[in-house]
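Data first, discussion second: the structure below is written as structure tokens.
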């Protein structure tokens with residue numbers, strides 16, 4: 001069910017093959033994810049969060065960027081077990097920014113301990 005492609009189609013810069021999915025039911029399986037997201041194209045990989053911090057989230061990697069765009073457009077707001085999915089394009093800069101902020105906070109706390117001693 002891949003989108004028809006035109007050679008002159010320009011996609012927005014945030015569009016990529018990796019989708020970040022939030023608000024998933026905690027007990028959803030990878031197989032159920034393939035059933036939902038596989039309708040929009042070939043999937044390379046699905047990673048469902050399994051730690052307390054990542055439960056209810058997943059990453060879906062499509063083989064083709066147009067399939068990912070189609071899935072994002074159609075599945076954002078899709079109802080799964082009375083939960084509405086939030087489907088976004090993965091943005092590595094945001095993920096790394098959060099990690100950097102945590103490192104800075106930790107370093108600041110450590111430097112405060114040194115000054116107080």
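In the UniProt record's numbering, the protein residues as written are 1 to 117. Where a beta carbon is used, it is the ideal one built from N, C-alpha and C, also for glycine.
Residue j beta carbon less than 8 Å from that of residue i
i: residue 65; j: residue 15; result: yes
i: residue 75; j: residue 28; result: no
Proximity to residue i [Cα-Cα], best of the options
i: residue 13; options: 84, 111 and 69; result: 69
i: residue 87; options: 56, 111 and 109; result: 56
i: residue 18; options: 11, 24 and 63; result: 63
C-alpha gap between residue i and residue j, whole angstroms
i: residue 41; j: residue 52; result: 30 Å
i: residue 60; j: residue 46; result: 5 Å
i: residue 82; j: residue 112; result: 46 Å
is_contact[residue i, chain B] using C-beta, thresh 8 Å
i: residue 93; result: Looking at the structure shown, chain B is missing, and only one protein chain is on hand.
Do the region 104-114 and the region 82-95 touch if we need at least three Cβ pairs shorter than 8 Å?
No, they do not touch.
Could you give the uninterrupted runs of the alpha helix (DSSP H) lying entirely in the region 58-109, keeping only those of 4 residues or more?
Complete alpha helix (DSSP H) runs here, min 4: 65-75.
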